[in-house]
Every structure is written in structure tokens, then in C-alpha cells.
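No gaps in the numbering here: position 56 of the sequence shown is 56 in the UniProt record's numbering, and each next residue is one more. Ideal Cβ positions, reconstructed from N, Cα and C, are used throughout, including at glycine. Please read these numbers as outputs of a predicted model, since none were measured by experiment. Working notes for the structure below.
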Amino acid sequence: MTDDLDHDEQHDQSPTEDVRELADIPAIEVITKAIVMLMSSSAEKLGLSSPDPDESPHRDLDEARRLITALAGLVAASVEYLGPHAAPIRDGLQSLQKAFREASAVPDEPGQGPGEKYLR
């Protein structure tokens with residue numbers, strides 16, 4: 001019942017209240033949250049959350065390619081703002097790219113994998 005009340009209270013707020021709150025969030029926080037969401041979604045689409053990724057019902061390499069490419073573009077475009085977090089984020093991206101290559105029946109040529117063109 002508490003969940004219903006919380007849910008109703010959220011709908012009582014006007015859209016301008018949400019926009020004002022969003023305006024208060026620093027850009028780097030928005031960028032970082034987007035990176036985390038893209039990384040998490042990529043891992044899911046690669047089946048990495050399952051004990052056996054090959055048998056994951058969520059595995060979708062086409063979707064994973066799109067997400068990893070978007071992630072690489074965002075990382076490349078924002079690397080100067082990421083500060084000390086840039087290296088671990090790039091490591092995570094490279095791990096996803098490697099997992100994609102390993103999961104592919106016909107791996108892309110070096111430099112042609114998802115997002116690799118953004119990180120040359």
C-alpha cells in the first residue's frame with residue numbers, strides 16, 4: 001500500500017518540477033549515468049548476466065552492437081570530462097567489445113567491431 005501512495009505522489013508532481021530537478025544535476029553525473037546504463041544494457045544483451053551467456057534468453061548481439069557503439073561514441077566524446085574515471089570506463093568498454101567478439105559466430109575484422117572506430 002505504501003508503494004501505491006509513493007507512486008501516486010510521483011504523478012502529482014508537475015512536469016516543470018521534474019525539469020527543474022534535472023536542471024540541477026551536473027552534466028558529468030548525467031553522462032556517467034548514461035554510460036552505466038549503456039554498459040549494463042550491453043552486458044544484458046551479450047547474455048553476461050546468465051550463468052551460460054550462450055543460453056541467455058536476453059542475448060541479442062544486434063542490440064548489443066548498437067549499445068556498445070553508442071557507448072563508445074559517448075565515451076570518446078566525453079573522455080576529457082570523465083577525469084580519473086576515464087580509464088576504468090574505457091576498460092569496461094573494451095571488456096564488452098571483447099565479449100562481443102567472442103560471442104560472434106563471425107567476428108568483425110580488427111577495428112571494425114562495435115564502437116572501435118570511435119576509439120582509434
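{"query": "Where E63 falls: helix, strand or coil (DSSP)", "result": "helix"}
{"query": "Nearest residue (CA-CA) to R90, options D108, R101, G73", "result": "G73"}
{"query": "Reduced DSSP category for I28 - H, G, I as helix; E, B as strand; rest coil", "result": "helix"}
{"query": "Closest by C-alpha distance to L46, when choosing among K98, P110, V106, L119", "result": "K98"}
{"query": "CA nearest to the CA of G92, picked from A23, S42, V30", "result": "S42"}
{"query": "Integer-rounded CB distance, given that A86 should sit under 8 Å from L38", "result": "Incorrect: roughly 15 Å between the Cβ atoms, too far for contact."}
{"query": "Backbone secondary structure at G113 - three-state DSSP", "result": "coil"}
{"query": "Beta-carbon spacing of P114, R65 below 9 Å", "result": "yes"}
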